[in-house]
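Take a look at the structure set out below.
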Amino acid sequence: MNSNKQMLVSVIMSVYNEKENWLIEAIESILTQSYKNLEFIIILDNPNNSELDVLIENYCKCDTRIRYFKNEKNIGLVKSLNFALSHAKGDFIARMDADDISFPDRFEKQINYFNCHPDIDFMGARCINIDEDGNELYKDAIMPEDMKLIKSCLVNVDFVNHPTWFFKKKCADKLGGYREITCAEDYDFLLRLITSGFKLASTNEFLVKYRIRSSGISKSNSLQQLLYSKHVVKMYKDRLKFGFESESVECLKNIKIDANEESKYSLALEGLTKSKGYKKKNEVYRIYLILKSYISSKYLRILLKDITFHKFKKAFYIKTSHKTTN
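In full-length UniProt numbering, the protein residues as written are 1 to 326.
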């Protein structure tokens, strides 16, 4: 662990309208990490939220590792994260959301992983998903760990939860940070890492409690997220095939979101998410929720097809790997 202490971890987090108790839990989970050599860059993207401003200022007085910045106006998550990246001094970047909770040994385990795998540039981990009151809803499925499988599966599903990210700062430096792609900026970042030659990995340890919010971006813009993700994958395939993108980020502005389809998809997605809570408890009702979601939205059917391919690839890879080792 002596070499670990020389490595500075820059934790970047944007704050907007989170409940005070959520933000307290998020901040405390970083400041009480077993790995101490970190800087905690907090961006308040809602300068009118005086309660959160005071709360963060009080933490600044108690811990000098916090570097606090308050935007003059709301500029959005992507620009806030890029601003944080531009001020990061660490060897590694760790993402954190203002309503999630990192496990106490999260950074220690992630640093140790990089020490054991020096060729890796980026890693993610699994989450325990919780509701707004902190109650456990369900756990993330097993993730692909191998670069080959990660590359294959990412074409179908963005399975690496953003607040678990831990990566070398050179990754962000080479990519120039996130691109302005609402709802899919993290997906785009991951796929650009691959085409830039970086090596990705993941651990199947649970390192973060991820809060499912009824008013979260992924729910309020769920169809937009799906369509933008599809566009991000298309740009990725263009880079692999041609060496450049035939369509730009600007083309996202031409994607039309039908309000009626958005409503159908959001409800179907909510049912699909709810079904996870009945796994092993009430299999019949779980299947009913999945079928109901499948029937109610054509876009949900697209999502389920991608999820099915993702699961098939994992299962096939695990089966063939097991045969090889035997």
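Where is the CB? At the ideal position from N, CA and C, for every residue including glycine. Just so you know, these numbers come straight off a predicted model, no measurement behind them.
Could you give the distance in angstroms between the alpha-carbon of residue 160 and the alpha-carbon of residue 140?
Looking up residue 160 in the sequence shown gives position 160. Looking up residue 140 in the sequence shown gives position 140. Near 10 Å, if we compare the C-alpha coordinates of residue 140 and residue 160.
Determine contact between the segment 217 to 236 and the segment 124 to 136, defined as no fewer than three beta-carbon pairs at a distance below 8 Å.
no
So if DSSP puts residue 10 in a beta bridge, which residue, or which two residues, is it bridged to?
Along the sequence shown, read from residue 1 onward, the residue named residue 10 stands at position 10. 39 and 93, per the DSSP bridge assignment.
Going by C-alpha distance, which of 202, 21 and 267 is nearest residue 146?
Here residue 146 corresponds to residue number 146 of the sequence shown, with the count starting at 1. Ranking the options by Cα distance to residue 146, first place goes to 202.
Rounded C-beta distance between residue 294 and residue 301? I'm assuming under 8 Å.
Locating residue 294 in the sequence shown gives position 294, where the first residue counts as 1. Locating residue 301 in the sequence shown gives position 301, where the first residue counts as 1. Confirmed, Cβ separation roughly 6 Å.
Determine whether the beta carbon atoms of residue 366 and residue 258 lie at a separation below 9 Å.
One cannot answer for residue 366 here, as it falls past the ends of the chain, which runs 1 to 326.
Could you tell me which of 67, 154 and 35 sits nearest to residue 107, measuring between CA atoms?
Translated into positions along the sequence shown, residue 107 becomes position 107. Comparing Cα-Cα distances from residue 107 to each of 67, 154 and 35, the minimum goes to 35.
Within 10 angstroms of the Cβ of residue 251, are there 16 or more other Cβ atoms? Answer buried if so, exposed if not.
Walking along the sequence shown from the start, residue 251 turns up at place 251. With fewer than 16 Cβ atoms within 10 Å of its Cβ, residue 251 is classed as exposed.
Compute the beta-carbon to beta-carbon distance between residue 12 and residue 56, rounded to the nearest angstrom, for a pair I have assumed lies under 8 Å.
The count along the sequence shown starts at 1 and reaches residue 12 at position 12. The count along the sequence shown starts at 1 and reaches residue 56 at position 56. That pair is no contact at about 14 Å.
Is it right to say residue 310 is buried, meaning 16 or more other beta carbons lie within 10 angstroms of its own, or is it exposed?
Locating residue 310 in the sequence shown gives position 310, where the first residue counts as 1. It is buried - the Cβ of residue 310 has at least 16 other Cβ atoms within 10 Å.
For residue 210 and residue 142, the rounded distance between their alpha carbons:
Indexing the sequence shown from 1 puts residue 142 at position 142. Indexing the sequence shown from 1 puts residue 210 at position 210. About 16 Å.
Collapsed DSSP secondary structure at residue 328 in the structure displayed:
Look at the range of the chain in this structure, 1 to 326, and you will see that residue 328 is not part of it.
Run through DSSP, which three-state label would residue 201 get?
Translated into the one-based positions of the sequence shown, residue 201 becomes position 201. Reduced to three states, the DSSP call for residue 201 is strand.
What's the call for residue 327, buried or exposed, on a 16-neighbour Cβ count within 10 Å?
Outside the shown range of the chain, which is 1 to 326, sits residue 327, and nothing can be said about it.
Determine the direct distance from the alpha carbon of residue 262 to that of residue 312, and round the result to whole angstroms.
Residue 312 sits at position 312 when you count from the first residue of the sequence shown. Residue 262 sits at position 262 when you count from the first residue of the sequence shown. Cα to Cα, residue 312 sits roughly 28 Å from residue 262.
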